[in-house]
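What follows is a short report on a single structure.
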Amino acid sequence: MRQTDVVIIGGGPAGLAAAVRLWEKGVRDILILEREHFLGGILRQCIHDGFGLTRFGETLSGPEYAGRFIDQVLEMGIPYLTDITVIDISADRKVTASSRDGILEIQAKAVALTMGCRERTRGAIGIPGQRPAGIYTAGVAQSYINLQNKMVGREAVILGSGDIGMIMARRMTLEGAHVQAVFEVQPYASGLPRNIEQCLNDYGIPLYLSHTVTDIKGAERLEAVVVSQVDECMQPVLGTEREYCCDTLILSVGLIPENELSLAAGVELDSRSKGAVVDENHQTSVSGIFAAGNVLQVHDLVDFVSMEAESLADSVVRYLEEGRLATCMLAVKTDANVTHAIPQKISGGEDFKLSLRVRRPVKNAFIRLSQNGNIILEKKMPKAIPAEMIQIPVKARKLNKESDLEVSVVW
Amino acid sequence: MVREFTCIMCPLGCGLRTETRQGERGEEILVTGNTCPKGKEYAVQELTDPQRNIATSVLVSGGELPLASVRLTHAIPKDRIFDVMGEIRKRKLTAPVKAKEIVIENVLGLGSDVIATKDIGKI
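If you read the sequences in order, they're chains A and S.
Heads up: the first sequence begins at 563 in the working numbering, then just goes up one per residue.
Heads up: the second sequence begins at 133 in the working numbering, then just goes up one per residue.
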């Protein structure tokens with residue numbers, strides 16, 4: 563069986579950034595496994611700009627952002643395989659992958675989980691009605707239009723105000739389609755404000771909050787969708803139905819970390835983030851298996867994906883040098899106003915970066931970190947929205963090593 | 133005159149408010165709500181001459197993929213977006229295509245180049 567120091571599962575922004583950082587720190591025995599034919603992950607189809615402002619100080623398109631890392635991987639000569647799918651990871655870090663050349667088995671010292679996330683589908687949200695063609699998730703529509711040169715439709719309605727949905731509203735408009743409206747079931751948008759401005763407002767596409775699709779009509783191709791208002795409990799309000807004739811419905815209704823392989827390895831998942839439970843070293847509940855990027859938590863910006871993966875690489879270097887990393891004993895607990903927080907475990911003895919999202923929009927709030935009732939840090943948030951991932955650096959000197967860390971939003 | 137809009141310069145998405153009024157030296161624009169100087173610049177630009185960058189694709193023959201992604205090197209006036217889309221649509225490339233390659237120089241005389249943002253290898 564092949565022996566490798568670090569196997570990286572997925573050659574998207576997280577995997578590439580982890581590989582480059584490992585190489586820079588002197589680790590040479592690396593292998594990136596990518597299931598697609600090209601490196602770059604989802605960025606290859608994200609042709610719009612707006613990436614890289616934090617990581618590179620300039621705004622780039624998705625392919626350019628990925629290209630920065632791919633160029634480094636190629637220059638450094640970091641080993642990678644494409645067209646190969648990992649089908650199993652064991653708790654003792656045996657990685658099994660399948661390709662046209664057959665089955666590849668690798669014993670790794672460390673495994674980096676960087677598989678990214680998946681889109682929620684019509685089935686996941688259970689929209690009733692007929693099952694015609696013409697219903698796509700935003701990412702699938704993006705792949706058809708931007709990679710395969712196939713237009714998905716002419717008269718579109720978008721359900722969900724995720725960033726990719728809004729970006730596809732603009733993209734389809736530029737390609738000559740008519741986008742009638744974006745409907746969002748929540749009372750606030752789930753994507754970033756700048757995308758509401760530059761993808762919807764710029765093209766006169768209305769956004770309706772507290773609305774959802776309650777019926778789908780069409781025998782072979784989609785003919786119409788029925789949209790209803792929803793109440794505070796997100797239940798459709800009878801009598802508010804409106805029918806929209808369209809041939810295309812784009813769904814942008816959320817992303818879920820892709821953790822089938824993590825589960826196979828026995829990695830404990832967090833029901834809130836849908837990703838692994840990790841400590842301040844990005845190590846999962848299984849020693850030597852680490853996670854970063856969208857497989858760990860769905861990010862708002864790819865810049866933070868790269869930076870999280872770089873931080874993972876720093877920990878992997880220490881793991882390889884020391885043979886193991888000490889178990890972190892303190893839990894990070896959150897109140898009901900926080901959707902999830904990463905990491906879920908800390909030692910109390912190291913600096914770390916806390917990432918979290920708020921459950922609903924709040925104004926003039928504080929994010930409060932406390933241990934045993936003592937406030938150790940408060941971050942003032944003039945405005946906090948669920949669309950934005952909040953990151954707070956925490957210094958070890960402020961922490962004790964005895965008490966769990968409590969994270970709350972107060973106002 | 134008062135206008136309110138969202139800044140698009142970074143993901144923060146500040147709520148900008150502009151107030152135009154007659155001052156001693158002619159028309160003045162007062163900007164509030166911005167967190168950084170870029171926001172103020174954007175607000176003034178948005179009021180006087182709104183501009184946007186666009187990203188789309190160009191057909192490629194003989195390549196590993198049928199399309200090469202492109203963007204503009206500089207923002208163009210917002211009301212010329214569809215004119216520029218029309219120009220880009222007329223263009224066809226032959227593989228190989230290199231990222232940063234100029235696809236259309238100074239498109240429609242607007243002072244912005246259309247450049248490729250992706251390598252497309254030859255098959």
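Ideal Cβ positions, reconstructed from N, Cα and C, are used throughout, including at glycine.
Computed from a predicted model, the values in this text were never measured in an experiment.
Nearest to A:R693 by CA position, among A:I640, A:M891 and A:D777, is which residue? Minimum Cα-Cα distance from A:R693 among the listed residues A:I640, A:M891 and A:D777 corresponds to A:D777.
Taking Cβ positions only, does S:P143 come closer than 8 Å to chain A? Flagged as an interface residue toward chain A: S:P143, by a C-beta distance shorter than 8 Å.
Along chain C, which residues have their Cβ under 9 Å away from the Cβ of A:G935? Of the chains in the structure shown, none is chain C; the protein chains are A and S.
Taking Cβ-Cβ distances shorter than 8 Å, what residues in chain S pair up with A:N711? Around A:N711, the beta-carbon contacts reaching into chain S at under 8 Å are S189, L191, P198 and L199.
8 Å Cβ cutoff met for A:A853 and A:V840: In terms of Cβ geometry, A:A853 and A:V840 form a close pair [threshold 8 Å].
Is it true that the stretch 904-911 of chain A meets the stretch 873-881 of chain A, where meeting means three or more beta-carbon pairs spaced less than 8 Å apart? Fewer than three beta-carbon pairs drawn from the stretch 904-911 of chain A and the stretch 873-881 of chain A are found closer than 8 Å, and the two stretches are therefore not classed as touching.
How long is the line joining the alpha carbons of A:D663 and A:E596, rounded to whole angstroms? In this structure, the alpha-carbon of A:D663 lies about 14 Å from that of A:E596.
Got a sec: which bits of the stretch 585-613 of chain A sit with their beta carbon under 7 Å from any beta carbon on chain S, in order along the chain? Cβ proximity to chain S below 7 Å picks out I609, H610 and D611 from the stretch 585-613 of chain A.
Measuring CB atoms only, is the stretch 670-678 of chain A touching the stretch 765-775 of chain A, in the sense that at least three cross pairs come out at less than 8 Å? Contact between the stretch 670-678 of chain A and the stretch 765-775 of chain A is absent: fewer than 3 CB-CB pairs across the two stretches fall below 8 Å.
Between A:Q933 and A:D832, what straight-line distance do the alpha-carbon atoms span, to the nearest angstrom? Rounded to the nearest angstrom, the two C-alpha atoms are 22 Å apart.
Assign S:T226 to one of two classes, buried (16 or more other C-beta atoms within 10 Å of its C-beta) or exposed (fewer than that). With fewer than 16 other Cβ atoms within 10 Å, it is exposed.
Could you check what DSSP says for A:M943 in three-state terms: helix, strand or coil? Correct three-state label for A:M943: strand.
Which residues bound the alpha helix (DSSP H) around A:F600? Per DSSP, A:F600 belongs to no alpha helix (DSSP H) and is neither H nor E.
For S:N185: DSSP bridge partner residues: S:N185 pairs with nothing; no bridge assigned.
DSSP beta-bridge partners of A:V936: The displayed chain sequence assigns Asn, not Val, to residue 936 of chain A. DSSP, once it has assigned bridges, lists A:Q933 as partnering A:N936.
Alpha carbon of A:R959 to alpha carbon of A:A871, nearest angstrom: When rounded, the separation of the alpha-carbon atoms in A:R959 and A:A871 is 25 Å.
Within chain A, the residues that S:C168 reaches when beta carbons sit closer than 9 Å: Result: empty, since nearest Cβ-Cβ is about 11 Å, beyond 9 Å.
Determine whether the Cβ of S:T180 lies closer than 8 Å to any Cβ atom of chain A. Answer no: the Cβ-Cβ gap between S:T180 and chain A never drops below 8 Å.
For A:R756, would you say it is in contact with chain S, using Cβ-to-Cβ distances shorter than 8 Å as the test? Yes, its Cβ sits closer than 8 Å to a Cβ of chain S.
Which residues in chain S have a C-beta closer than 7 Å to the C-beta of A:I970? List them in chain order. Reading the sequence as shown, one finds Ser at residue 970 of chain A and not Ile. Contacts between A:S970 and chain S, judged by CB atoms closer than 7 Å, are missing: the closest CB pair is about 23 Å apart.
Report yes or no: is there a C-beta of chain A within less than 8 Å of the C-beta of S:M217? Chain A contact via Cβ: present.
Exposed or buried, A:Q797, counting other C-beta atoms within 10 Å across all chains shown (16 or more means buried)? By the neighbour-count rule (16 or more Cβ atoms within 10 Å), A:Q797 is not buried but exposed.
Exposed unless 16 or more other CB atoms sit within 10 angstroms - verdict on A:H740: Exposed.
A:K957 versus A:L931, A:V789, A:N899 and A:T896, residue with shortest Cα-Cα distance: Taking only the C-alpha atoms, the option nearest A:K957 is A:L931.
Please specify which runs of the alpha helix (DSSP H), each continuous and at least 4 residues long, are wholly inside the stretch 619-677 of chain A, giving them in chain order. Note on the stretch 619-677 of chain A: whole alpha helix (DSSP H) runs with a minimum of 4 residues are 624-638, in chain order.
Name the two residues that bound the continuous beta strand (DSSP E) containing A:D611. Run containing A:D611: D611 to F613, per the beta strand (DSSP E) assignment.
Residue from A:D650, A:K656, A:A579 and A:A670 whose Cα sits closest to the Cα of A:L636: With respect to the C-alpha of A:L636, the residue from A:D650, A:K656, A:A579 and A:A670 having the closest C-alpha is A:A579.
Local Cβ density within 10 Å of A:I649, reported as buried at 16 or more and exposed below that: With fewer than 16 Cβ atoms within 10 Å of its Cβ, A:I649 is classed as exposed.
Nonlocal neighbours in the same chain, by C-beta distance under 6 Å from A:S970, ignoring five residues either side: Correct list, in chain order: D897 and R930.
With 8 Å set as the bound, which would you pick, yes or no: does the beta-carbon of S:N185 sit closer than that to a beta-carbon of chain A? Contact of S:N185 with chain A is assigned, a C-beta pair being separated by under 8 Å.
Against chain S, with Cβ distances strictly below 8 Å, would A:Q760 count as a contact? For A:Q760, the answer is yes, since a Cβ of chain S falls inside 8 Å of its Cβ.
Anticipated Cβ contact below 8 Å, S:A231 with S:D251, distance rounded: At roughly 5 Å, the Cβ-Cβ gap stays under 8 Å, so S:A231 and S:D251 are in contact.
Check for me: the beta strand (DSSP E) holding A:Y881 runs from which residue to which? That residue, A:Y881, is in no beta strand (DSSP E); its alpha helix (DSSP H) goes V864 to E884.
Using a Cβ-Cβ cut-off of 6 Å (strictly less than) and excluding sequence neighbours within five positions of A:S814, which residues of its own chain qualify? Taken in chain order, the residues that qualify are A700, G722, G724, I726 and G727.
Test: A:G629 CB closer than 8 Å to a CB of chain S: A:G629 belongs to the set of residues whose beta carbon lies under 8 Å from a beta carbon in chain S.
Contact criterion: CB-CB distance below 8 Å. Does S:R203 meet it with respect to chain A? Cβ-Cβ to chain A under 8 Å: yes for S:R203.
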